[in-house]
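A quick write-up on the structure given underneath.
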Amino acid sequence: MVKLLIIEDDEAAAGSLKRGLVEAGYAVELAHDGERGLQQAQAGDHDLWVIDIMLPGRDGLSVLKTLRDQGRRTPALILSALGKVDDRVEGLRVGGDDYVVKPYAFDELLARIEALLRRVRSFGSGPETMLELADLKMDLLSRNVTRGGQEIDLQPREFRLLEYLMRHAGQVVTRTMLLENVWEYFFDPQTNVVDVHISRLRQKIDKSFATPLLHTVRGRGYILRPEA
Amino acid sequence: MFGVWLSLVLLLCLLGGVAGFWWLQRRRQQQKEALLRRQLVSVTQSSRQTGDNIAHDLRTPLTRLRADVEDALRHDDSEMHRATLERVLDEIQNMQNIVNALLALSQAEAGVMRVRKKTVDLSGLLEELIELYIPSAEERQLTLQGRIAPNLNIEADRQLLARIFANLFDNELKYVPAGGTILLTALASGPHVEIRVEDDGPGIPVEMRDKIFERFARLDPSRTLSGGSGLGLSLVKAFAQLLQGEVRVVESSLGGAAFILTLPASAAELSKPSP
Ligand SMILES: Nc1ncnc2c1ncn2[C@@H]1O[C@H](COP(=O)(O)OP(=O)(O)O)[C@@H](O)[C@H]1O
Ligand SMILES: [Mg+2]
């Protein structure tokens, strides 16, 4: 079972977060202040840490920095207070792997936890040259994309979008994740720009095929997978 | 279920706190809804009104939320509870957007927002943003065109720049009727670069051209939160100033609004011999 440690002083928030993550199939340990969080992180063998920045006593950035200085490489997702724009950069600088602003949507956090765990699992398997999902194939070297042997013509950005979706196949990705990873924008526009790119991509990869691969998960984001 | 309600209540307290804070700060509340309405329509410029508007903007959804939740609690109907929770969540998202924008605005205006200036390939960034927005524009039967001079480099923060143009483009998508044209022009002009975002839509009346950059200013006073809360252009202005630039709106030769942003060109750009 995948083990998570959440270091978050707001017990109500930590409690609902824990409940959600347990329902999603994770084993979850809680720590309510920085000092204890640090000890638990050092003592345990967690697969991922969720660390709030604002903690009583020792703050989250200091906890993470200490852990990193000790050579611990466990992926860490940082939670920060609303509106602290610099926290993202700070958090990534001390060794955070991803970052979510409070108040966050649970689905956003879950999607990012899954993406981080996935990244770690595929790490070390060497650079991939070929991505495959059912009859959809993407050659990262020749930049050739085919479905059922039929060539699909993609714009460069559509290629990046599909590549990201294929690397996270079977997993929900949110609009914000797509904006950050495919376009490198760290803010959310007011209009549905990403949705329209998705529907264009869907036209290309799904339209003339019997089984759709790119699905919308209502209220959450998108998922690429062979079954509905 | 209790957890959901508990976190809801906590969030409401938080948002209520924010609203209350602003409310207390700007308290002079002699005028009630009627006057407030009238002021909103005319979008006058007093700073007192800023506070009133913030309170108003947060109080309206709070009132709605409260009525909705109380109504749900009076009934023992899980389907109704679910529908209520979904509405509540939407409303919270709207309020969160307002609070986020206000925080960004006050940080930008107070100069505490850190600006990460680097040499940015402005021409490339603008092309990218057009590419990001073109499908949405086409979906709304709008033509989005760029006339971007090549190799415009400036010292700026890429994220702030992108947020400026995203806000302007979001407005174009919202306010230019179907069939319309949006044109983005960028060129070097002496020690500056000038970027214009213009359209053939309804435009901004002369008397509103300064006011429209103020917080909560909207031409259409029937303010639905989901349509935006009138903070976009104030963010544009604050971010432009953070980048030592400025923004204004004039009438476009296309017939609609032309938003003109001037930014200092980079040192490298300046030292290049002019063509
Ligand atoms: N391109 C445009 N054409 C006509 N009106 C516009 C345009 N851009 C902005 N406006 C007007 O300016 C107002 C303020 O814009 P903004 O600050 O972005 O707030 P919001 O979009 O949330 O209403 C809008 O409500 C709209 O009335
Ligand atoms: Mg706007």
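Top line first, the protein sequences correspond to chains A and B. Using the numbering used here, you'd call the opening residue of the first sequence number 1 and step up by one each time. Using the numbering used here, you'd call the opening residue of the second sequence number 1001 and step up by one each time. Note that beta-carbon positions come from the ideal geometry of N, C-alpha and C, so glycine has one too.
Reference Val94 of chain A; option with closest CA among A:Arg218, A:Leu131 and A:Gly60: In terms of Cα proximity to Val94 of chain A, the closest of A:Arg218, A:Leu131 and A:Gly60 is A:Gly60.
Cα-Cα separation between Ala76 of chain A and Ser16 of chain A, rounded to whole angstroms: Going by the C-alpha atoms only, they are around 19 Å apart.
Per-residue contacts from Gly1228 of chain B into chain A (C-beta, under 9 Å): Neighbours of Gly1228 of chain B on chain A, chain order: Gln190.
Assigned secondary structure, Gly1146 of chain B (DSSP; H/G/I helix, E/B strand, else coil): Correct three-state label for Gly1146 of chain B: strand.
Start-to-end residues for the alpha helix (DSSP H) that takes in Phe209 of chain A: That residue, Phe209 of chain A, is in no alpha helix (DSSP H); it is neither H nor E in DSSP.
Interface positions of the segment 1122 to 1139 of chain B facing chain A (Cβ-Cβ less than 7 Å), listed along the chain: Taking 7 Å as the Cβ-Cβ cut-off against chain A, the residues of the segment 1122 to 1139 of chain B that qualify are Glu1131, Leu1132, Tyr1133, Pro1135, Ser1136 and Glu1139.
CB-CB length for Met1080 of chain B against Ala1067 of chain B, believed under 8 Å: The pair is not a contact, with the Cβ atoms about 14 Å apart (cut-off 8 Å).
Met130 of chain A versus Gly221 of chain A: straight-line alpha-carbon distance, rounded: In this structure, the straight-line span from the alpha carbon of Met130 of chain A to that of Gly221 of chain A is close to 25 Å.
Phe186 of chain A and Gly148 of chain A closer than 8 Å at C-beta: Going by C-beta atoms, Phe186 of chain A is not nearer than 8 Å to Gly148 of chain A.
Local conformation of Thr146 of chain A per DSSP, three classes: For Thr146 of chain A, the secondary structure class from DSSP, reduced to helix, strand or coil, is strand.
Buried or exposed by the 16-neighbour rule on C-beta atoms within 10 Å, applied to Ala14 of chain A: When all chains shown are included, Ala14 of chain A counts as buried.
Chain-ordered neighbours of Asp1157 of chain B on chain A, where CB pairs are closer than 8 Å: Correct list: empty, because the minimum Cβ distance to chain A is about 11 Å.
Chain-ordered neighbours of Ile1163 of chain B on chain A, where CB pairs are closer than 7 Å: Looking at the sequence provided, one finds Arg at residue 1163 of chain B rather than Ile. Result: Phe187.
Simplified DSSP assignment, three categories, for Gly1256 of chain B: In the three-state reduction of the DSSP assignment, Gly1256 of chain B falls in the coil class.
Same chain, Cβ closer than 8 Å to Ile152 of chain A, neighbours up to 5 away in sequence not counted: Around Ile152 of chain A: Val145, Thr146, Lys204 and Ile205.
Exposure label - His1075 of chain B; buried when at least 16 CB within 10 Å: Counting Cβ neighbours within 10 Å, His1075 of chain B comes out exposed, since fewer than 16 surround it.
Min CB distance Ala1166 of chain B to chain A below 8 Å: Chain A, which has a Cβ nearer than 8 Å to the Cβ of Ala1166 of chain B, makes this yes.
Residues surrounding ligand 2 [beta-carbon distance to nearest heavy atom under 5 Å]: Qualifying residues, in the order they occur: B:Asn1171, B:Gly1228 and B:Gly1232.
beta-carbon Val1176 of chain B near ligand 1 non-hydrogen atom, thresh 7 Å: Flag set: Cβ of Val1176 of chain B near ligand 1.
C-beta contact flag for Lys1237 of chain B and Val1249 of chain B at 8 Å: Not in contact: Lys1237 of chain B and Val1249 of chain B (Cβ atoms no closer than 8 Å).
Cα-Cα separation between Gly1256 of chain B and Val1206 of chain B, rounded to whole angstroms: If I take the Cα positions, the gap works out to 12 Å.
Residue range of the alpha helix (DSSP H) that includes Glu29 of chain A: First-last for Glu29 of chain A: Ala27 to Ala31, but that is the beta strand (DSSP E), not the alpha helix (DSSP H).
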